[in-house]
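Numbering follows the numbering used here, with no gaps: position 79 of the sequence shown is 364. The block underneath contains the structure these notes are about, expressed in structure tokens.
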Amino acid sequence: MCYTTYLEPEKKGIMKFDLYKKIIDQAVEGKSYSVKISWRGEPLLNNRILDMVKYAKESGIKEVAMLSNGELLSSKLAEQLVDAGLDWISFSADGMGEVYEKIRAPAKFHETVGKVAHMRAYRDKRKLKKPLIRVQSILSALEGDPDAFIRAWDGVADRVNCIADESRDFELAEMNHDPTYLCPTPWARITIAHDGKVHQCKVDYGRKKVMGDVNEQSIYKIWHGENFNSLRNAFKQNTALEDYSACNYCTDNVLTEERSMQVNGKELSLGKFKGVHDVVHEGQVISQSGRRSKAFPGVDKVPL
Numbered sequence: 286m287c288y289t290t291y292l293e294p295e296k297k298g299i300m301k302f303d304l305y306k307k308i309i310d311q312a313v314e315g316k317s318y319s320v321k322i323s324w325r326g327e328p329l330l331n332n333r334i335l336d337m338v339k340y341a342k343e344s345g346i347k348e349v350a351m352l353s354n355g356e357l358l359s360s361k362l363a364e365q366l367v368d369a370g371l372d373w374i375s376f377s378a379d380g381m382g383e384v385y386e387k388i389r390a391p392a393k394f395h396e397t398v399g400k401v402a403h404m405r406a407y408r409d410k411r412k413l414k415k416p417l418i419r420v421q422s423i424l425s426a427l428e429g430d431p432d433a434f435i436r437a438w439d440g441v442a443d444r445v446n447c448i449a450d451e452s453r454d455f456e457l458a459e460m461n462h463d464p465t466y467l468c469p470t471p472w473a474r475i476t477i478a479h480d481g482k483v484h485q486c487k488v489d490y491g492r493k494k495v496m497g498d499v500n501e502q503s504i505y506k507i508w509h510g511e512n513f514n515s516l517r518n519a520f521k522q523n524t525a526l527e528d529y530s531a532c533n534y535c536t537d538n539v540l541t542e543e544r545s546m547q548v549n550g551k552e553l554s555l556g557k558f559k560g561v562h563d564v565v566h567e568g569q570v571i572s573q574s575g576r577r578s579k580a581f582p583g584v585d586k587v588p589l
């Protein structure tokens, strides 16, 4: 499961709307293209989530996205998110039936499918192309039958994503990392927590490396400041694994052995983390009867 459940209570919280507006205003000034309103938390817990989506879109952000477990998605809220202009939403739905309900308790699988189906139906009724709806599951929860999972969401989700199982030891990273990997994140995206603190990246699960605080500095100054420049230089000099502990928990820089398998009649790229375990490596398949929408640009790809 996601590391969120292991976070210390004092590191959890909900972003205040005034702080959010400040961030969006600066993002627009910096010509940012995309904003994802979630990081290690459930965005629908924020009672101003609709205002957040609307404010970003009305301010000029081209792509507004979020990741949700869908449990709080009522029919009314689903329609309001569509009307607000949300561009894409991913739902974490690990497995089906009893497997899903054990992992995602107290949610019920058929209820979650129904909620997402209502959002899809309302969007289509309005003849809109957005939000793009994606459903994702870790591969191990599919019990060796990813085709059944895909069929369950056929006609509901635009995309069905099978995700790598990342068995992390949170005290000691055990994966075989490539020290020469040049990570694009320090040049492409900024991660801001609910309290305004800016972190190294989304993989800084323990939130140990604070790069700045938007309550005290502008995003521009933080992005172009000493902390981020040092991080970029560490990647250029191949010292990031030594200098930044969070990099040791990342899977983007892990050496893999490529393999493949058939899923829904498609060839799916697989990888094996050397010395660790089998995973799906960026394996994405599209539901047969779903709309074959073009992949949206990646989130937060325009630097501030």
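Cβ atoms here follow ideal geometry from the backbone N, Cα and C, with glycine treated the same way.
- In this structure, residue 333 keeps its C-beta atom at 8 Å or more from the C-beta atom of residue 376.
- Between the C-alpha atoms of residue 371 and residue 415 there is a straight-line separation of about 7 Å.
- Burial state of residue 426 is buried, judged by a 10 Å Cβ sphere holding 16 or more other Cβ atoms.
- DSSP, read as helix, strand or coil, puts residue 348 in strand.
- When C-beta atoms of the region 498-514 are compared with those of the region 432-449, fewer than three pairs fall below 8 Å, so the two segments do not count as touching.
- The three-state reading of DSSP puts residue 373 in strand, counting E and B together.
- Inclusion of residue 367 and residue 398 in the CB contact set at 8 Å is not warranted, their separation being larger than that value.
- Residue 525 sits away from residue 494, with the two beta carbons spaced by 8 Å or more.
- Here DSSP, grouped into helix, strand and coil, assigns residue 538 to coil.
- As DSSP reads the structure, residue 482 sits in a beta bridge with 498.
- Annotation: the continuous beta strand (DSSP E) that includes residue 319 extends over 319-321.
- Proximity to residue 550 across 490, 310, 433 peaks at 433, based on C-alpha coordinates.
- Within its own chain, the residues whose Cβ lies closer than 8 Å to the Cβ of residue 476, once the five positions on either side in sequence are excluded, are 324, 483, 484, 485, 486, 487, 489, listed in chain order.
- Approximately 6 Å separates the beta-carbon atoms of residue 318 and residue 348; this is inside 8 Å, confirming the contact.
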